[in-house]
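Single-structure report; data block below.
Residue numbers (the UniProt record's numbering): 1 to 381.
Given below as structure tokens:
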């Protein structure tokens, strides 16, 4: 990502179109497409290398993570356009009781002003990722673009950056108590809950009107506590899932030499979440650091290497143990950051993207310190 890309008019135009496309189709919907393209791109690269050829087109990097479907462009643009459309009163989300600017499966149509906002934030995300990558900031430039884009759209359209006092940011107990539960007289636990958690999934966080609390936090105005995934926020559950996803992702990376295949599978699985399947976990922020650290242990300098190179430099036992640990780390970071940046706020700042910023930074710093032989795909200045 050279800085000169910011002067390439054709890339800026394409980034604008990518952000507008994310607005029209919906942020999460474009992200699922990104996942499928990642899978296709990684399998294509793996097959080409296995046949002894050179990969002529980097489908994963240039399409899935580029200006076409890159989350910093399409997802960030879609989330910003939704926040703008809700601010202007263009969008209603019946049956979705969280703040409507969090319903990232909603496409906002073809209004020129909304598409322009999506396009502008697509360019913003592209610029952030380009600057970060070209300067060698040791973190995922795409995820950083998603996070900074969300903070920017909150500031631009008058939303709160965090949404609660520091002392209350990690507190999910109002949600657990069911204080002031919408649709149930006098509050109390939801009738469709299992183990105190709502069972009906709403895409990428949220709950139905019958399962989401509105609470007061000692203030004059009601303050909602809206966990990103209301059926997956308890620390014990997050840790267990992170370990499982981490081990599987590390195994996939060990066999294929790809840092991104498990990530793509995790993202593509979100199609079930969009379709309304209950209690689907979101796991790509666990899969990516787990796969990446395996390649970093093997001394890989890029996101994809020949599988034999991985097996020759690190044992599978070590790879799986370290991958499991980084899966847990990514999961815990995601839960912590959803409590800080999502649960008390009005718009969608993506917890997995924020987690990936942290976990990729950790791997980058470990590589910089020489603890692991390489940083895989993570830039180093």
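Quick reminder that beta carbons are idealized off the backbone N, C-alpha and C, glycines included.
As the structure is a prediction and not an experimental result, all values here were calculated from the model.
**Whole-angstrom distance between residue 314 and residue 83, CA atom to CA atom** = Here residue 83 refers to the residue found at position 83 of the chain shown. Here residue 314 refers to the residue found at position 314 of the chain shown. Distance from the CA atom of residue 83 to the CA atom of residue 314, rounded to whole angstroms, is 46 Å.
**Prompt:** Is the Cβ-Cβ distance between residue 325 and residue 291 less than 7 Å?
**Reply:** Locating residue 325 in the chain shown gives position 325, counting from the first residue. Locating residue 291 in the chain shown gives position 291, counting from the first residue. Contact: no.
**Own chain partners of residue 164 with C-beta closer than 6 Å, once the 5 adjacent residues on each side are dropped** = As a position in the chain shown, residue 164 is number 164, starting the count at 1. Taking residue 164 as the centre and dropping the five residues before and after it, the same chain places the C-beta of 344 closer than 6 Å to its C-beta, in chain order.
**Message:** Comparing C-alpha positions only, which one of 85, 128, 96 sits nearest to residue 112?
**Reply:** Counting from one through the chain shown, the residue named residue 112 turns up at place 112. Among 85, 128, 96, the Cα nearest to that of residue 112 belongs to 85.
**For residue 96 and residue 63, the rounded distance between their alpha carbons** = As a position in the chain shown, residue 63 is number 63, starting the count at 1. As a position in the chain shown, residue 96 is number 96, starting the count at 1. So the two alpha carbons sit approximately 32 Å from each other.
**Message:** Quick test of the definition: if touching needs 3 or more C-beta pairs under 8 Å, does the region 125 to 141 touch the region 2 to 21?
**Reply:** Segments in contact, yes.
**Prompt:** Below 7 Å between beta carbons: does that hold for residue 287 and residue 147?
**Reply:** Reading the chain shown from its first residue, position 287 is the one you call residue 287. Reading the chain shown from its first residue, position 147 is the one you call residue 147. Cβ distance not < 7 Å, so residue 287 and residue 147 don't count as in contact.
**Asked** Is it right to say residue 56 is buried, meaning 16 or more other beta carbons lie within 10 angstroms of its own, or is it exposed?
**Response** For the purposes of this step, residue 56 is taken as residue 56 along the chain shown, with counting starting at 1. Per the 10 Å Cβ criterion, exposed.
**Asked** Roughly how far, in whole angstroms, is the beta-carbon of residue 329 from the beta-carbon of residue 359, given that I think they are within contact range, below 8 Å?
**Response** Along the chain shown, read from residue 1 onward, the residue named residue 329 stands at position 329. Along the chain shown, read from residue 1 onward, the residue named residue 359 stands at position 359. With a Cβ gap of about 6 Å, residue 329 and residue 359 count as contacting.
**Request:** Assign residue 258 to one of three DSSP states: helix, strand, or coil.
**Result:** Residue mapping note: residue 258 aligns to position 258 of the chain shown, counting from 1. Residue state, collapsed to three classes: strand.
**Message:** Am I right that residue 238 and residue 335 are in contact with their C-beta atoms under 8 Å? What's the rounded C-beta distance?
**Reply:** On the chain shown, residue 238 is found 238 positions in, with the first residue counted as 1. On the chain shown, residue 335 is found 335 positions in, with the first residue counted as 1. 5 Å between Cβ atoms; contact.
**Message:** Rounding to the nearest angstrom, what Cα-Cα distance links residue 255 and residue 367 in this structure?
**Reply:** On the chain shown, residue 255 is found 255 positions in, with the first residue counted as 1. On the chain shown, residue 367 is found 367 positions in, with the first residue counted as 1. Their Cα atoms are separated by approximately 22 Å.
**Asked** With respect to the alpha helix (DSSP H) encompassing residue 289, which residues constitute its N-terminal and C-terminal limits?
**Response** Position 289 of the chain shown holds residue 289. Where residue 289 is concerned, the enclosing alpha helix (DSSP H) stretches over 284 to 297.
**Distance between residue 16 and residue 52 (C-alpha atoms, nearest Å)** = Taking the chain shown and counting its residues from 1, one reaches residue 52 at position 52. Taking the chain shown and counting its residues from 1, one reaches residue 16 at position 16. Straight-line Cα distance between these residues: approximately 37 Å.
**Request:** Put residue 339 into one of helix, strand or coil per three-state DSSP.
**Result:** For this step, residue 339 is matched to residue 339 along the chain shown. Of the three classes helix, strand and coil, the one that applies to residue 339 here is helix, per DSSP.
**Request:** Could you tell me the distance, in whole angstroms, from the CA atom of residue 213 to the CA atom of residue 103?
**Result:** As a working note, residue 213 is residue 213 in the chain shown. As a working note, residue 103 is residue 103 in the chain shown. For residue 213, the predicted model reports a pLDDT of 37, less than 50, meaning its position is unreliable; a value from the coordinates is still stated below. Computed Cα separation, rounded: 17 Å.
**Request:** Could you check the C-alpha separation between residue 364 and residue 284 for me, to the nearest Å?
**Result:** The count along the chain shown starts at 1 and reaches residue 364 at position 364. The count along the chain shown starts at 1 and reaches residue 284 at position 284. Cα to Cα, the separation comes out at about 18 Å.
**Asked** Taking contact to mean at least 3 C-beta pairs separated by less than 8 Å, is the region 34 to 50 in contact with the region 114 to 125?
**Response** The region 34 to 50 makes no contact with the region 114 to 125; the number of CB pairs closer than 8 Å stays below 3.
**Request:** Go to residue 357, then tell me how far its alpha helix (DSSP H) extends in each direction, as first and last residue.
**Result:** Taking the first residue of the chain shown as 1, we reach residue 357 at position 357. Unbroken alpha helix (DSSP H) run through residue 357: 351 to 369.
**Asked** When the distance is taken between beta carbons, is residue 299 closer than 7 Å to residue 373?
**Response** Sequence index remark: in the chain shown, residue 373 carries index 373 (1-based). Sequence index remark: in the chain shown, residue 299 carries index 299 (1-based). Yes. Within cutoff.
**Request:** Apply the 10 Å Cβ neighbour rule to residue 149 and answer buried if 16 or more other Cβ atoms are within range, or exposed otherwise.
**Result:** Numbered from 1 along the chain shown, position 149 holds the residue referred to as residue 149. Only buried fits residue 149, as 16 or more other CB atoms lie within 10 angstroms of its CB.
**Rounded C-alpha distance that separates residue 281 from residue 229** = Reading the chain shown from its first residue, position 281 is the one you call residue 281. Reading the chain shown from its first residue, position 229 is the one you call residue 229. In this structure, the straight-line span from the alpha carbon of residue 281 to that of residue 229 is close to 8 Å.
**Message:** Among 138, 271, 110, 22, whose alpha-carbon lies nearest the alpha-carbon of residue 361?
**Reply:** The residue given as residue 361 occupies position 361 in the chain shown. The alpha carbon of residue 361 has as its nearest neighbour, out of 138, 271, 110, 22, the alpha carbon of 138.
**Request:** Decide if residue 61 is buried, meaning its Cβ has at least 16 other Cβ atoms within 10 Å, or exposed.
**Result:** As a position in the chain shown, residue 61 is number 61, starting the count at 1. Residue 61 counts as buried, since no fewer than 16 other beta carbons sit within 10 angstroms of its beta carbon.
**Prompt:** Among 101, 105, 342, which residue has its Cα nearest to the Cα of residue 33?
**Reply:** Sequence index remark: in the chain shown, residue 33 carries index 33 (1-based). Comparing alpha-carbon positions, the option among 101, 105, 342 lying closest to residue 33 turns out to be 105.
**Request:** From the DSSP output, in three-state form, read off residue 385 for me.
**Result:** Nothing about residue 385 can be reported from this structure: the residues present for the chain run from 1 to 381 only.
**Prompt:** Is it true that the CB of residue 357 sits closer than 7 Å to the CB of residue 143?
**Reply:** For the purposes of this step, residue 143 is taken as the residue at position 143 of the chain shown. For the purposes of this step, residue 357 is taken as the residue at position 357 of the chain shown. If you check the CB distance, residue 143 and residue 357 come in under 7 Å.
**Message:** For a quick check, are the C-beta atoms of residue 250 and residue 320 less than 7 Å apart?
**Reply:** Within the chain shown, the letter at position 250 stands for residue 250. Within the chain shown, the letter at position 320 stands for residue 320. Going by beta carbons, residue 250 and residue 320 fall inside the 7 Å limit.
**Rounded C-alpha distance that separates residue 342 from residue 54** = Taking the first residue of the chain shown as position 1, residue 342 is located at position 342. Taking the first residue of the chain shown as position 1, residue 54 is located at position 54. Within the model, the alpha-carbon separation for residue 342 versus residue 54 is close to 43 Å.
**Message:** Between which residues of its own chain and residue 221 is the CB-CB distance below 8 Å, once the five residues before and five after are set aside?
**Reply:** Here residue 221 refers to the residue found at position 221 of the chain shown. At residue 221, the pLDDT of 41 sits below 50, so the modelled position is not reliable and the matter cannot be decided from this model.
**Prompt:** Under 7 Å, do residue 74 and residue 30 count as touching if we go by C-beta distance?
**Reply:** Along the chain shown, one-based indexing puts residue 74 at 74. Along the chain shown, one-based indexing puts residue 30 at 30. Yes, Cβ-Cβ distance for residue 74 and residue 30 is below 7 Å.
**For residue 157, the nearest candidate out of 13, 87, 351, 307 (CA to CA)** = Within the chain shown, the letter at position 157 stands for residue 157. Per the Cα distances, 87.
**Prompt:** Around the Cβ of residue 196, are there at least 16 other Cβ atoms within 10 angstroms (buried) or fewer (exposed)?
**Reply:** Locating residue 196 in the chain shown gives position 196, counting from the first residue. Its pLDDT being 48, under 50, residue 196 is placed unreliably in this model, and the value from its coordinates should be taken loosely. Counting Cβ neighbours within 10 Å, residue 196 comes out exposed, since fewer than 16 surround it.
**Prompt:** What are the boundary residues of the alpha helix (DSSP H) that residue 153 is part of?
**Reply:** Counting from 1 along the chain shown, the entry for residue 153 is found at position 153. For residue 153, the enclosing alpha helix (DSSP H) has its first and last residue at 141 to 156.
**Prompt:** Once you ignore the five residues that flank residue 123 on each side, which residues in its own chain have a CB closer than 7 Å to its CB?
**Reply:** The residue labelled residue 123 in the question sits at position 123 within the chain shown. Listed in chain order, the non-local C-beta contacts of residue 123 below 7 Å within the same chain comprise 12, 15, 16, 19, local neighbours out to five positions each way being set aside.
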